[in-house]
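Quick notes on the structure that follows.
Numbering (this note's numbering), first residue to last: -9 to 103.
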């Protein structure tokens, strides 16, 4: 699981849908009391941004004509549960290394990361 944190327009469909699912998975872990320490240590999630990130991903999905049937409830812990951070430059480099479609979107559509 990972919060890429990049402009959702830059994500290929697979990574857009995958990160959306992972925002729900992070919430599930938090609700169940499952530790996210490894994700914090590796700068893979910033918990107080989960809801906003979910909504940004959802809006991009809708703009691409995808359906969205999994709203994220407002949960009080987002305000109080501020842990972790993400390394945006590392994430961009990792996406470009892993995914030719994402790389193409970064290279051919310069602008906001």
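Where is the CB? At the ideal position from N, CA and C, for every residue including glycine.
Compare the Cα-Cα distances from residue 3 to each of 36, 83 and 52 and report the closest residue.
Here residue 3 refers to the residue found at position 13 of the chain shown. When each option's Cα is compared against that of residue 3, the closest is 52.
Can you check whether the CB of residue 95 is closer than 9 Å to the CB of residue 0?
By one-based count along the chain shown, residue 0 stands at place 10. By one-based count along the chain shown, residue 95 stands at place 105. Against a cut-off of 9 Å, the Cβ pair of residue 95 and residue 0 comes out as a contact.
Going by C-alpha to C-alpha distance, which of 28, 75 and 91 sits closest to residue -5?
Within the chain shown, the letter at position 5 stands for residue -5. With distances taken between Cα atoms, residue -5 lies closest to 75.
What is the DSSP secondary structure of residue 17, reduced to helix, strand or coil?
Here residue 17 refers to the residue found at position 27 when the chain shown is read from its first residue. Helix.
Taking the alpha helix (DSSP H) that residue 80 belongs to, which residues open and close that run?
Taking the chain shown and counting its residues from 1, one reaches residue 80 at position 90. Per DSSP, residue 80 belongs to the alpha helix (DSSP H) from 78 to 88.
Just verifying my parser: in three-state terms, what is the DSSP assignment at residue 92?
As a first step, residue 92 is located in the chain shown; it is residue number 102 there, counting from the start. Here residue 92 sits in helix by DSSP.
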